[in-house]
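Residue numbers (the UniProt record's numbering), protein chains in the order written: chain X, 1 to 474; chain E, 1 to 474; chain S, 1 to 474.
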């Protein structure tokens, strides 16, 4: 443990990990912070609360008033000598100035780069790597940039408590990890300093993997909304001179959501099938997929979760149907008309079978849907092995898709025979919804046929078709 | 690694981390346990199962019968010499006796304090720190006190598998962490020994952050229950001589739950707004909030989850309405009366619009509600960054509040115009429910107006209003 | 840190943890892989991407074409000399050959055994322990066998990102942990090499703890399905010549699911009660339970979750009832018949009370059910202490069972008085469903009576009844 023993020799302040003399264990040592901005101050406050000594390195003495009580302030170079660990809480622009003023003083120190940029790829290399190039004799660690000043003050009570750490020196990282724990955060080692770029991008991102699925869901929803608006509401207004616009709120929504949900569920499993055929075609798994397919496969989980949300909406919209004024009115009207005509409609067993199985399959499908959603929770998917993950996401996933597709077919039943279903020559929504799922199910069916399955499995196990032996697989 | 090499030199038992001779790796070394109580015995049993040698330190030889097979028993001082790590599984009262009998023998040893107290703040300092004061020459580590004897025996299979550890010496902690892993638990380092107090309080607490929200929910529920009981049931009994007490079970519950849920959801976002105005008033963020506001802000997550649970109840209570005998009876009565009077009520489009949008907005609001709940799961909130967390909990949170408030307004519609709504001059419940949410939404609206927003942002970024320049901000 | 310093002395490639010269921090060192199979190649590709140098150890030069660009290939012995860490990515059968060819070269190296077997208990001892016996002078670490080649290539983006690691040498483990982090995975230390068996079984298992509960659920479901099929559908067909087969889809399913759910919920709490009485009978808690009881207790969580799933199905099946064609038809028929007979049925308050409380209690029970499910999520149960866990799973659990049982009783009401309920002398399903829950509740009631409770508590605290003082407890 070279650094730390150095630490013992050259400075008086010692870290827990250096202390083997049990006598002085209650002093946690002194830490230095360069920069007196908001983050620096919040960090200093928290370090003081946790029992560290804090020395601020600052150019001028303008804004002492704001600094937490109990903290010293010194010029950078002098401050650097007081501690083994120095937090660099200043903007990248000042790094040059920093290494001019305190360059030598920082040699052999642990520099914790907490800086963030305003936007991604603002600079050629990450701030931490830049710092390390400026002061190669120091041990640079990237940490705390994913933590906000606010959660430092509140102790991260209701927010993310993880501090991501990366750096090339393990001893340096260990020291920062100890400080992290003392501040009441948990540390997650992200490897070498080359991960700094990733860490600096992390706080800037806003659900990157969700963008594509949510955009897709929005477009599909908008399209089907206007499609069905034209086909149902406007058609009724134009042809039958009937105002059924009130149906937009529930009836229409309850057509759009399940349609989009089913299509998106199918889109979760389409890339997998396409990848299978692509590998068959290439005769190897070692050729990269086209970029768009890769991107698509990476957001399958998010696609599925958005689909689940829409399915959930569909379920709720369906369950409130019997409470709607429109439905109640129609039912009592119907009963009254029956009486007037003085006839009772005979009970239609086929109808009962059809509607009941339609509901039943929908319910079971939805339960599997939920199951898929639950298993995609981080804490759950971290507790199942690869085989179990494949079983649920692939086997149960396709079963869910099959059930939901059947649900849609039962909904349609014989509608497609009636001419009334083709208003303005527009297909009913549920038919459009069935295209993609059917394609996916057919593709999957082909892939699981023994001969194809064998070929794919061999390829996935690393087998490669030589140009020579092109013909020798099924 | 001083301790461990000491370990090698002075004793024959070696820990995995000390063994660099690969030959003897299958012996995990000997561990000593002081105290033959239930926890000591369970710990010993588990250590033996995991392949450690176990020596019990005991005053007398009374209760050998109970000790696990394969364990030695020696007087404290002798026992101490057999191992580098000693678990102190005895009550704090006996610590003095312990350091009299075995004081010297414990110097340089790793003492694992597993003790718990009967209630919080039973003693001025934590047991572990007390032990360290008695035997300063030992390396005291607090661990395993959060684990129950039962889960030690069962291997913590269906319970919390985390062992919280704190101590001042990192080498000592590392040794205990290794033992923890060998016993099949995961270790979580909580920092220096000063965290021992927190660790000793941990097993005593019972949902501390939930107390306030649940008490609040109970009081609100009770109040609104009796308020509506008087307003609806008793009023009907007194004025109309009608017994509608059966409505208590569903109708009344389904009024109380949404009301309390909406109020509590609003109470999640009220402190945030108040904090904003307080910071504006103080002109700085570095002045502490009053204690009650801090406490309030700390349990916002729990407030929200209780509100979600009540909203969930509301949804279920609503969905079963059409199945109720009362409703079915009323509907068929209504139909029959229609026939008798031989008239059919015309379809009221406004009514259809109103009820449908009421349902629709409620459903969408509930889905956002659920989304907020899911993102507050530890494993989810640990995987989103600060910006994403803020986006969901603040932006989506206020949107949810807005939707649910609109839902309540649509429910009320023009009820407030009818005199019949003010039985005994008591306002209908939904009106009372709307007060807090409206206040919160208005406050938030003020805070997001550009000029105010700019001021708040500046303050949150650490800017401070000097007494001098009091006037120079909007 | 003996190994690593050895590493420094004997080889030119250095790991982050060895590097104290900050100059060369961007080179991550060279790693050697024995075996050029699919896993070996994927691992090599990933290591290269992460900035490691990779040398493959291979017998022949047949399949170089497949190896990732940038990797060297050497005979085993020579390859071994190039690196401190060697991944053994070959089948156990070749281990003997390996130690013949490269035995000495492997002395003092870190050997990472990534192998898996085809089935459990294929060999007397785990592959890693076998390897260690063959090459005792090496530091064997078991790791990466729980990761699939696919998730190595995709960077484990949508799968489990945890790498389980075990081994006897902590320095060796630390080196592998660092590599794990550099590859973008998280590492979980599972203790000493004796855990290798467990790690090698891990990827082979498919929900082991779920087998029993799911089998049980299937059997119970099948039994009650045919039981009720006979009792309702077939009976109607035979006696009344009526075809009500359509009821299979919803009505019957909605009888079977709640019955099985209630029974399985009761079965979660039965073993606990039995254990209590067993301990009372034994007068000690230190005698092991019979194996079947242990197995039962280990899968209580899964039993409960399956029960929850069935309860969820029951809720959905119930909520769609009013939308069913069958129900709507019956209701309008009933109304029409009322008119024909020109009478209106008086409103029955008892009926209203009964159905409403039946719904109300069912809803509250279901909410507690869900609460139990949520708290059994890993990330949640890891954040609550033992006392809180006991409170929820035991107290709230029994409350849930009580509520659901009451729900069933209210459903039954006075049905048991009507002779029509005993078609073909078969009891109605709900009566069978009530047997186990009632037994559990009665047992629990006995256990919580003060005197018994005191005795059990004493025993659970480690007290033992001596044969002598057999009589002296209540």
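We put the beta carbon where it would ideally sit given N, CA and C, even for glycine.
Item                                                                                                                                                                            : Value
DSSP three-state label for residue 315 (chain X), please.                                                                                                                       : helix
For residue 319 (chain E), which residues in chain S fall below 8 Å Cβ to Cβ?                                                                                                   : 319
For residue 250 (chain E), which of helix, strand or coil comes out of DSSP?                                                                                                    : coil
Residues of chain E with CB closer than 8 Å to the CB of residue 335 (chain X), please, in chain order.                                                                         : 335
Measuring straight from C-alpha to C-alpha, what distance separates residue 309 (chain E) and residue 388 (chain E)?                                                            : 24 Å
Between which residues of its own chain and residue 126 (chain X) is the CB-CB distance below 7 Å, once the five residues before and five after are set aside?                  : 196, 197, 200
Would you say residue 94 (chain S) lies against chain X (beta-carbon separation less than 8 Å)?                                                                                 : no
Along chain X, in chain order, which residues have C-beta atoms closer than 8 Å to that of residue 146 (chain S)?                                                               : 385, 386
Rounded to the nearest angstrom, what separates residue 132 (chain E) and residue 255 (chain E) at their Cα positions?                                                          : 58 Å
Note down, in chain order, every chain A residue with its Cβ under 9 Å from the Cβ of residue 205 (chain S).                                                                    : Here the protein chains are X, E and S, and chain A is not one of them.
In chain X, which residues lie less than 7 Å from residue 479 (chain S) when you measure between Cβ atoms?                                                                      : The structure shown does not extend to residue 479 (chain S), since chain S spans only 1 to 474, so no value can be given for it.
In chain order, which beta strand (DSSP E) runs of at least 3 residues are fully inside the segment 355-386 of chain S?                                                         : none
With 8 Å as the threshold, decide whether the Cβ of residue 282 (chain S) is near any Cβ in chain E.                                                                            : no
Answer with buried or exposed for residue 87 (chain X), where buried requires no fewer than 16 other C-beta atoms within 10 angstroms of its C-beta.                            : buried
In whole angstroms, give me the CA-to-CA distance for residue 525 (chain S) and residue 324 (chain E).                                                                          : Examination of residue 525 (chain S) is not possible in this model, given that chain S is present from 1 through 474 alone.
Is there a C-beta anywhere in chain E that falls below 8 Å from the one on residue 465 (chain S)?                                                                               : no
Leaving out the 5 sequence neighbours to the left and right, which residues in its chain are closer than 7 Å to residue 257 (chain S) when beta-carbon positions are compared?  : 310, 313, 314, 317
Cβ atoms of residue 58 (chain X) and residue 36 (chain X): under 8 Å apart, would you say?                                                                                      : yes
When burial is assigned at 16 or more other CB atoms within 10 Å of the CB, is residue 18 (chain S) buried or exposed?                                                          : Because residue 18 (chain S) carries a pLDDT of 33, less than 50, the predicted location of this residue cannot be relied on, and the following value inherits that uncertainty. Classification of residue 18 (chain S): buried, given that the 10 Å Cβ count is 16 or more.
Within the continuous beta strand (DSSP E) that includes residue 439 (chain E), where are the two ends?                                                                         : Residue 439 (chain E) -> not in any beta strand (DSSP E); alpha helix (DSSP H) instead, spanning 429-448.
Are the segment 40-55 of chain X and the segment 65-78 of chain X touching by the rule of at least three beta carbon pairs closer than 8 Å?                                     : yes
Would you tell me roughly how many angstroms separate the C-alpha atoms of residue 121 (chain E) and residue 299 (chain E), rounded to the nearest one?                         : 22 Å
Looking at chain E, which residues of the segment 297-319 of chain X have a Cβ within less than 8 Å of any of its Cβ atoms?                                                     : 309, 312, 313, 316, 317, 319
Counting pairs of Cβ atoms below 8 Å between the segment 331-351 of chain E and the segment 284-293 of chain E, do you hit three or more?                                       : no
Roughly how many angstroms separate the alpha carbons of residue 292 (chain X) and residue 305 (chain S), rounded to a whole number?                                            : 39 Å
Quick check on residue 475 (chain X): does DSSP put it in helix, strand or coil?                                                                                                : Since the first and last residues shown for chain X are 1 and 474, residue 475 (chain X) lies out of range.
Distance, Cα to Cα, residue 246 (chain S) vs residue 442 (chain S)?                                                                                                             : 39 Å
Using CA atoms only, rank isn't needed, just tell me which of E:345, E:319, E:400 is closest to residue 268 (chain E).                                                          : E:400
Can you pull out the residues from the segment 337-356 of chain E whose beta carbon lies closer than 7 Å to at least one beta carbon of chain X?                                : 338, 339, 344, 347, 349, 351, 352, 353, 355, 356
With DSSP run on the structure shown, which of helix, strand or coil describes residue 2 (chain X)?                                                                             : With a pLDDT of 37 at residue 2 (chain X), under the threshold of 50, the predicted position of this residue should be treated as unreliable, and no value is reported.
For residue 246 (chain X) and chain E, any beta-carbon pair shorter than 8 Å?                                                                                                   : yes
How would you call residue 394 (chain E), buried or exposed, if buried means at least 16 neighbouring beta carbons within 10 angstroms?                                         : exposed
Hey, does residue 367 (chain S) have any beta-carbon neighbour from chain E nearer than 8 Å?                                                                                    : yes
Name the chain E residues that come within less than 9 Å of residue 260 (chain X), Cβ to Cβ?                                                                                    : Those do not exist, as residue 260 (chain X) stays about 14 Å from chain E at its closest Cβ, beyond 9 Å.
Which residues mark the beginning and the end of the alpha helix (DSSP H) in which residue 32 (chain X) is found?                                                               : Element bounds for residue 32 (chain X): not the alpha helix (DSSP H) but the beta strand (DSSP E), 30-34.
When you compare the segment 376-390 of chain S with the segment 374-386 of chain E, are there three or more beta-carbon pairs, one atom per stretch, that lie closer than 8 Å? : yes
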